[in-house]
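Since the structure comes first, as structure tokens, the remarks are kept for the end.
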Amino acid sequence: MKNMYEYVNVRVPSVVKDDIDFMYKEIEKTGIKIRKADLYREAVKYFKNKELYRNLINK
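Counting from 13, one number per residue, gives the positions in the sequence shown under this note's numbering.
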């Protein structure tokens, strides 16, 4: 699939990448330290259940 982005062996659509980058910046503002790779893995699990992203991820 085109528009895929890979980060530490986690492949996500670039749409998801943009959302995760935004979430990561917001989380950092609160002072919580989180590895971006962990955020990607959890987000992919979450987004697979959402209709909006299901078709993008399962291709």
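Every residue, glycine too, gets a C-beta built ideally from N, C-alpha and C.
Under three-state DSSP, which class holds GLU54?
-> helix
Given a threshold of 16 other Cβ atoms within 10 Å of its Cβ, counted over all protein chains shown, does TYR52 qualify as buried or as exposed?
-> buried
Can you grab the Cα-Cα spacing for the pair PHE34 / LYS57, in whole Å?
-> 17 Å
Rounded to the nearest angstrom, how far is the Cβ of ALA55 from that of ILE32, given a contact under 8 Å?
-> 5 Å
CA-to-CA distance, GLU40 to ILE46, given in whole angstroms = 8 Å
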